[in-house]
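Chemist: Start counting the sequence shown at 1; every next residue gets the next number (UniProt numbering).
Note that the Cβ used here is the ideal one computed from N, Cα and C, for glycine as well.
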Amino acid sequence: MKIDMNNLNAIKPLRAGMPTAQQQVESAEEVRDTFRQFVGEAFFGQMLKSMRSTQGKAAYFHGGHGEEVFRGQLDQVLSEEMTESSADQIADPMFRQQFPAQAAVLAKHDVGLKPSVEDLTSLRRW
Numbered sequence: 001m002k003i004d005m006n007n008l009n010a011i012k013p014l015r016a017g018m019p020t021a022q023q024q025v026e027s028a029e030e031v032r033d034t035f036r037q038f039v040g041e042a043f044f045g046q047m048l049k050s051m052r053s054t055q056g057k058a059a060y061f062h063g064g065h066g067e068e069v070f071r072g073q074l075d076q077v078l079s080e081e082m083t084e085s086s087a088d089q090i091a092d093p094m095f096r097q098q099f100p101a102q103a104a105v106l107a108k109h110d111v112g113l114k115p116s117v118e119d120l121t122s123l124r125r126w
């Protein structure tokens with residue numbers, strides 16, 4: 001049996017090598033964004049649902065099933081918007097606690113993105 005050495009280079013290992021720094025950052029950002037969306041929509045969705053349950057239906061001007069469907073969709077859109085606007089205050093502390101490895105990767109990446117004093121002095125006009 002003859003083994004062709006050129007074909008051995010085409011064989012890929014079962015385990016991929018260590019991910020690059022960029023791949024680690026992208027993976028951590030994906031986890032953070034998904035976590036933000038889940039936490040925010042679950043929190044605000046339940047809050048809006050509880051608020052709606054305390055309010056009774058109007059006797060004369062209630063829209064019936066159509067209004068209930070619309071309110072459900074409206075609450076979903078509101079929870080998405082509230083999530084986007086306040087994810088850093090609600091979800092990020094929980095993210096740092098639940099996913100410390102990904103939070104450390106993102107913190108290290110964010111430090112490299114902050115402008116230095118030398119970069120800011122180049123913007124001076126006088």
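Between which two residues does the alpha helix (DSSP H) containing glutamine 73 stretch?
Modeler: 65-98
Chemist: Report buried or exposed for leucine 74, applying the criterion of at least 16 other Cβ atoms within 10 angstroms of its Cβ.
Modeler: exposed
Chemist: What residue range is occupied by the uninterrupted alpha helix (DSSP H) comprising lysine 57?
Modeler: Neither: lysine 57 is in no alpha helix (DSSP H) and is coded neither H nor E.
Chemist: Are the beta-carbon atoms of residue 141 and valine 39 separated by less than 8 Å?
Modeler: This structure leaves residue 141 out entirely; the chain is present only between 1 and 126.
Chemist: Measure the CB-CB distance between alanine 101 and phenylalanine 95 and report whether it falls below 8 Å.
Modeler: no
Chemist: Taking one C-beta from the region 69-89 and one from the region 42-50 each time, how about it: are there three or more such pairs within less than 8 Å?
Modeler: yes
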